[in-house]
Ligand code: ADP
Ligand code: MG
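Residue numbers (full-length UniProt numbering): 1 to 352.
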């Protein structure tokens, strides 16, 4: 069993920055787990604290059944891939991959055998004698991964491993990484600031901000029902509509329209109304938000239509090309059942 359990963990740097703040988290054995959040929110620090490269100020880290909080990094059975890969430039691919085995004083023949086997499984077979400088970014990334999986670690920690790749290669590497992780079944913590990457790869996601977890859940949960407006803003390729609303006579007044309120709240309550552009559909009639089409942006398979509503608010929705309305026309956007979310005006948390 190589689950990771983190209890009341804080990591404070000598300059006083509390990069990880009283954090609780449990990651299951074999899980592919993503730490997602904006730059500076503490992702790398949390990962390095799990690896033992940073010392916890308070709280504990357990791997499997063992409390490793005071165990040195080399004895934690953890493998880490750094954002910049940190390959040894003067060593060949083969030497880079087998380096962890060399440090552990494994026999040369075994070092060679593991390097060959791992390289083959990561499509690096023909490159064993090259040096990192003679490889593409994607190949270097795979060498770094190969070096990490060459030892049978209990836990694999990946710090933005795809962020140095160009867009096309990143998609390929993403698929590759997902397959590899399922094959070897190692508990994996994957750090990214790219919400699409986290949604695509992870079994579960923790959305972080300022050293804390804002939301923990499956990709479907964090996309479909963000726990607060921070997460709502952060997740999604097209930004979620966040509009001012008021409860009036049991109904929701928003963008000049009256809609059924998704939860019962007292009259006059002011709320933030969240609805994703993907969950609004254009209808000839129906209970929805009516506005004038002001812009249309091509997103490829769909288009993002922006409506200007009577109260001045702007509402985005996506439509297929064949359903694109004319600029300047008046249309109605109807939210799908259960897709309208209400958030507190005070602290941004979800009300229903
Ligand atoms: P992320 O990986 O999410 O971008 P980091 O964990 O790198 O975030 O950083 C979290 C916070 O800790 C930031 O405010 C950053 O400036 C600070 N920080 C990171 N490393 C150090 C360090 N070695 N010394 C002092 N502060 C640091
Ligand atoms: Mg980082």
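Where a beta carbon is used, it is the ideal one built from N, C-alpha and C, also for glycine.
Here the structure is a predicted model, which means the values were calculated and not measured.
{"Asked": "Continuous beta strand (DSSP E) stretch holding residue 303: start and end", "Found": "302-308"}
{"Asked": "Spatial neighbours of residue 355 in its chain, beta-carbon cut-off 7 Å, leaving aside the 5 residues before and after", "Found": "Residue 355 is absent from the model: the chain starts at 1 and stops at 352."}
{"Asked": "Extent of the continuous beta strand (DSSP E) run through residue 364", "Found": "Coverage of the chain is limited to positions 1 through 352, which leaves residue 364 absent and any answer about it impossible."}
{"Asked": "Beta-carbon proximity of residue 246 to residue 253, cut-off 8 Å", "Found": "yes"}
{"Asked": "Reduced DSSP category for residue 264 - H, G, I as helix; E, B as strand; rest coil", "Found": "coil"}
{"Asked": "Residue 70 (DSSP reduced to helix, strand or coil)", "Found": "coil"}
{"Asked": "Residue 328 vs residue 293 beta-carbon contact at 8 Å", "Found": "yes"}
{"Asked": "Cβ neighbour criterion (16 or more within 10 Å) applied to residue 300", "Found": "exposed"}
{"Asked": "Cross-strand partners of residue 6 (DSSP beta bridge)", "Found": "25 and 61"}
{"Asked": "Own chain partners of residue 336 with C-beta closer than 6 Å, once the 5 adjacent residues on each side are dropped", "Found": "279"}
{"Asked": "Spatial distance of residue 139 from residue 189 (CA atoms)", "Found": "21 Å"}
{"Asked": "Pocket of the ligand ADP defined by Cβ to heavy atom distance under 6 Å", "Found": "13, 15, 17, 19, 37, 39, 40, 41, 42, 43, 44 and 45"}
{"Asked": "Length of the line joining the Cα atoms of residue 237 and residue 198", "Found": "12 Å"}
{"Asked": "Minimum Cβ-Cβ distance from residue 320 to chain B less than 8 Å", "Found": "The structure shown contains no chain B; it is built from a single protein chain."}
{"Asked": "Contact test: residue 160 Cβ vs the ligand MG heavy atom, cutoff 7 Å", "Found": "yes"}
{"Asked": "Whole-angstrom C-beta distance between residue 159 and residue 81, which should lie under 8 Å", "Found": "7 Å"}
{"Asked": "Alpha-carbon to alpha-carbon, residue 302 and residue 321", "Found": "6 Å"}
{"Asked": "Contact test: residue 191 Cβ vs the ligand MG heavy atom, cutoff 7 Å", "Found": "yes"}
{"Asked": "In DSSP terms, what residue 36 is bridged to", "Found": "192 and 207"}
{"Asked": "Reduced DSSP secondary structure (H/G/I, E/B, other) of residue 358", "Found": "Outside the modelled stretch of the chain, which goes from 1 to 352, sits residue 358, for which no answer is possible."}
{"Asked": "The alpha helix (DSSP H) enclosing residue 49, as first and last residue numbers", "Found": "43-51"}
{"Asked": "Backbone secondary structure at residue 239 - three-state DSSP", "Found": "coil"}
{"Asked": "Nearest residue (CA-CA) to residue 162, options 3, 200, 68 and 105", "Found": "200"}
{"Asked": "Proximity to residue 17 [Cα-Cα], best of 40, 152, 307 and 72", "Found": "40"}
{"Asked": "Between the CA atoms of residue 114 and residue 150 - distance to the nearest angstrom", "Found": "7 Å"}
{"Asked": "Three-state class that DSSP yields for residue 292 in the structure shown", "Found": "strand"}
{"Asked": "N- and C-terminal bounds of the alpha helix (DSSP H) containing residue 121", "Found": "108-121"}
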